[in-house]
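The structure appears right after this line, and notes come after that.
Numbering (the working numbering), first residue to last: 634 to 978.
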């Protein structure tokens, strides 16, 4: 079954850019897309799966470990490295769905009952966290996720490892992934501890522009009638964006952040009253990824302004005297701060 092309998505610029930034800089922590139903959140995530480039992994590894890594290897790959048998292959970056009704066994992995019954061997059957290692874990309606799974995700996100202690099994394996969540805020809020783990938070709204709405409907209808033909129409655009992502990933380590930009980021977080220092760290990492996507090697004020709303809107304290949306508060703070910086310069 063909997936809707990523480059065929109309509008939702902030959500699309956030996903690209998270692809270039996986250490951001992920993307949360909150907004109206039927606005393309799930479509964008699944389209991203087809867009992503390949990565090098240990051949035959169930966790697709990085052969260049000295640590963060699964037990099997550590044994292979010790024996000098660490061959590699290119695989697609995984995008794994975590359904709301998933059991804990399915998420973390469990005893392989078939092998246990047939051969009498205690073997581990990897779960969704293992499949998502070095890729993306997508949770639709994440605000409805059961609390015990939220606690599990928080533990794994903090440690980068999945620890399994059950049914006579004792095992740990690397589980580092970009978490993408989507949901409708009318159906409930996200737990603060999980919300804080997302690097970027985007607001997804139903388009109000007439021409844009018509184009969305026209493209979706064309895709449903002829998926292969529609996909071919955007093949060149998909290839070009994939090349841009690969180039940005290679450029990212070379991107520098001037002291003036670092000070601006810190001042912005102080002005907005964000808790902790995660806001500044996320802001700088996102700005670096934005610069890399643009082909720049130095972060500028424009890169900072482009990513600040998504990086900070979910880190603001509620102000009873200001009922405006969080994104608008970030925009106001940026306008005031950057104008002062321009005057000082």
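Virtual Cβ for every residue (Gly too), placed ideally from N, Cα, C.
Is the region 839–851 touching the region 695–702 in the sense that three or more CB pairs, one from each, lie closer than 8 Å? no
In this structure, how does DSSP classify residue 930 when only helix, strand and coil are distinguished? coil
Can you give me the Cβ contacts of residue 823 inside the same chain, cut-off strictly under 6 Å, excluding the 5 residues immediately before and after it? 776
Where residue 670 sits in the DSSP three-state scheme: coil
In whole angstroms, what separates the C-alpha of residue 706 from that of residue 806? 7 Å
For the structure I just gave you, are there three or more beta carbon pairs, one from the region 887–897 and one from the region 917–934, closer than 8 Å? Taking a contact to require three or more Cβ pairs closer than 8 Å, the region 887–897 and the region 917–934 qualify as touching.
Note down, in chain order, each residue of its chain lying with its Cβ closer than 7 Å to the Cβ of residue 725, except the 5 sequence neighbours on either side. 685, 687
Residue from 816, 915, 901, 876 whose Cα sits closest to the Cα of residue 674: 816
If I follow the unbroken alpha helix (DSSP H) through residue 892, where does it start and stop? 892–905
Roughly how far, in whole angstroms, is the beta-carbon of residue 663 from the beta-carbon of residue 830, given that I think they are within contact range, below 8 Å? Right, the Cβ-Cβ distance comes to about 7 Å (below 8 Å), so this counts as a contact.
Return the chain-ordered ranges of every beta strand (DSSP E) run that is complete within the region 690–741 and spans a minimum of 3 residues. For the region 690–741, whole beta strand (DSSP E) runs of length 3 or above, ordered along the chain, are 721–725, 728–730.
Which one of 723, 702, 676 has the shortest CA to CA distance from residue 693? 723
Beta-ladder partner(s) of residue 663, from DSSP: 812
Integer Cβ distance of residue 895 from residue 945, believed to fall under 8 Å: With a Cβ gap of about 15 Å, residue 895 and residue 945 do not count as contacting.
Option in 669, 667, 680 with minimal Cα separation from residue 874: 680
By DSSP, does residue 772 sit in helix, in strand, or in coil? strand
Taking the continuous alpha helix (DSSP H) assigned at residue 848, which residues delimit it? For residue 848, the enclosing alpha helix (DSSP H) starts and ends at 843–858.
Rounded to whole angstroms, what is the Cα-Cα separation between residue 742 and residue 656? Using only the alpha carbons, I get a separation of about 26 Å.
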